[in-house]
Amino acid sequence: MPKPPVLILVEPTGTRRDIHLLRTPFTLGRQSGNDIILHDLRISRQQAQIVQEGDRYFLEDLRSRHGTFLNGERTTRCELRHNDKIDFGLADSYSVIFCSEEAALDDFIKRVVPAAPAASRELYHLGLLLEVARVLHAGLVLEDVLAAVVDAALEVTHAERGVLLLRQDSGELAPGVARDNQRRTLRSAGLEVSQSVLEQVKNTCREVMLSDEAAAEALERQASIARLQLHTILAMPLLSVPAVATLDTTVLRAPAELLGILYLDSRQVTGLSELDREVVRSLAREAGTVIENARLFAAAREKEKLEGQLAVAREIQRGLLPKQLPAGGYFEVAGINLTSEAVGGDVFDVIPLPEDRYGFVLADVVGKGISGALLAATLQGVAASIAAFDLPPEAIAARINRYLVERTAEDKFATWFFGVLSPDGKFRYVNAAHPAPLWLRSSGEVAPLPTSNLPLGLFTDVEFASDRVQLQPGDSLVLFSDGLTEAADPDGQLFGDEQVHSMLPGLRALPLELMQEAILQRVGEFVRGASQADDLTLLILRYLGKKS
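Every number in the working numbering is 24 more than the matching position in the sequence shown, counting from 1.
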């Protein structure tokens, strides 16, 4: 069964990440829930998808705003081939490279076949390498693949025994595969090899070659070699691919990690040419790659399991947000929540209240990830339950605060805004240390709704003060989390309050959905493809006037 293609995601910072294309349709976009989430506000929520038809893969644009490009050409649907580059019409944003496994075999052969004259011995080595390449590409279990590597090494060197030892989490080496030159499996229990040779390879990460011709005196000094009557030993380190990172203008190269050792020995003197040893080095390199890939695959499976759990949590959290925002006849409202991770700590809600009034909630929990999302969900549920008692906003804040102090950790708290709108335009609110919402009057004047309260969840006996404003027809209130004002460009500059203030007058006549999109687009242009560092939530309310 052929292996799935690999997508190489290139982030705006230059960081590259491999993602296996395990299912289709495979979606890409800004919105959480996509298979690849592109944290760039200029990219559409549902940007593109990859679909499979037989053994062919196709890229399809999902009517995105700026378009989807394949190798620099805008496309709506096109077949993908090895090394095709996908981007989104933005030079400083994400790109994706499609790598097919069929083409990877050619790369493998080029990598492992040493340059040599076309003589019979070289052709024999080439045949062995191609056979190992076929086995590596056949999708067998790890033990079978490593056995094929050991068998090939034994054929090249004419050694009698071959052992592939794997490095354990403890740092010790343990036999993973042991074979003889008849392709029979040897029992690892009681298997005796030269520990001094293994220690030398382990400490230096360099190959060791011992034979009567080269090191007779060293052989005699080592008791295990003398006891086993060994006359030839070849041991090759299996190394991971060195990791490379950058810090400012400095390239940092982490040393390769020892994954195991390919150990070969014989009671006969075995003469090995440089070509023989180069072939064994190639086999050791490929064995190291297989072991590292298996380890990464296991980690990926664990990550996939965690991501599955996060996907369930994301769906639950998404279900807690209003599926459809109400329209009271005398107002209209639009809201959006963009999480920086799979789940977020921002919530908003619109709660119907008696006498045709509505409560508007926006909260931001300290912390990200699962803990922040759990507290956000708790806060949203408690707020909706307590608001149903139709208490004054300051009394609701006090009850929620007491609940959080009694039932959450000391380092957990939330900023919170809650306001109640009446049909006559009266808006009474409590702001518990949340970014001040902006009152956009129909005339274009912008004024913040100030805060004078502590966050929720810090102290038990806290009194909360409420304020009120009188909205006129055409006035809007723009509520947001600090993910808006603290959105940062690649240089670390923040979007800031001033930019939000300055843009709103020019947007006051737009429908709310277009106003919301315009704000997000302006933020996207400012950050220039930088990753979203914090959750971003917008809740915009416009008062239309009392119903006649």
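Even for Gly, the Cβ is constructed at its ideal location relative to N, Cα and C. Quick caveat: nothing in here was measured; it's all calculated off a predicted structure.
Residue burial annotation: S212 is exposed, with fewer than 16 other C-beta atoms found within 10 angstroms of its C-beta. Counting only the Cα atoms, E549 lies some 59 Å from A202. If you draw a straight line from the Cα of Q545 to the Cα of G359, it comes to about 15 Å.
If you draw a straight line from the Cα of T92 to the Cα of L33, it is about 15 Å long. In the three-state reduction of the DSSP assignment, Q494 falls in the strand class. As the crow flies, the alpha-carbon of T228 is around 20 Å from that of E310. If you draw a straight line from the Cα of G78 to the Cα of Q224, it is about 51 Å long. Secondary structure of S290 (DSSP, three-state): strand.
Rounded to whole angstroms, the gap between the alpha carbons of V180 and V304 is 7 Å. Taking a C-beta distance under 8 Å as the contact criterion, V389 and G369 qualify as a contact pair. Between T432 and P479, the gap from beta carbon to beta carbon reaches 8 Å or more. In the three-state reduction of the DSSP assignment, E356 falls in the strand class, which pools E and B. 8 Å or more divides the Cβ of S117 from the Cβ of G507.
When the beta-carbon positions are compared, L262 and G284 come within less than 8 Å of each other. Per the Cβ contact rule, the region 529-545 is not in contact with the region 406-413 (fewer than 3 Cβ pairs under 8 Å). Secondary structure at H525: helix, using DSSP grouped into helix, strand and coil. Going by C-alpha positions, P199 is about 6 Å away from L188. Q540 carries a helical assignment under DSSP once its states are collapsed to helix, strand and coil.
Rounded to whole angstroms, S555 and D168 show a C-alpha spacing of 42 Å.
By the C-beta density criterion, F441 is buried, having at least 16 other C-beta atoms within 10 angstroms. Burial state of V293 is exposed, judged by a 10 Å Cβ sphere holding fewer than 16 other Cβ atoms.
For a cut-off of 8 Å, the C-beta gap from V551 to D513 is around 5 Å, short enough to register as a contact.
Given a length threshold of 4 residues, each whole run of the alpha helix (DSSP H) inside the region 462-520 is given here in chain order: 506-509.
Annotated as proximal: L565 and V357, with beta-carbon spacing under 8 Å. Sequence-distant Cβ neighbours of P36 in its own chain, meaning closer than 7 Å and more than five residues away, are D116, S117, Y118, G553 and A554. The three-state secondary structure of R185, taken from DSSP, is strand.
8 Å or more divides the Cβ of A489 from the Cβ of L560. In this structure, the beta-carbon distance from E418 to V385 does not fall below 8 Å. Contact check for A172 against G186 fails: the beta carbons are separated by 8 Å or more. Nearest to L215 by alpha-carbon distance, out of G57, Y287 and S235, is Y287.
Excluding residues up to 5 positions away in sequence, G53 and L86 lie with their Cβ nearer than 6 Å to the Cβ of Q70 in the same chain. Our two residues, V221 and V232, have alpha carbons roughly 7 Å apart in a direct line. According to DSSP, A198 shares a beta bridge with L190. In this structure, D373 is the residue among K436, V174, D373 and L377 with its C-alpha nearest to the C-alpha of F504. DSSP, read as helix, strand or coil, puts F550 in helix.
Taking C-beta atoms as the reference points, T100 and Q73 fail to come closer than 8 Å.
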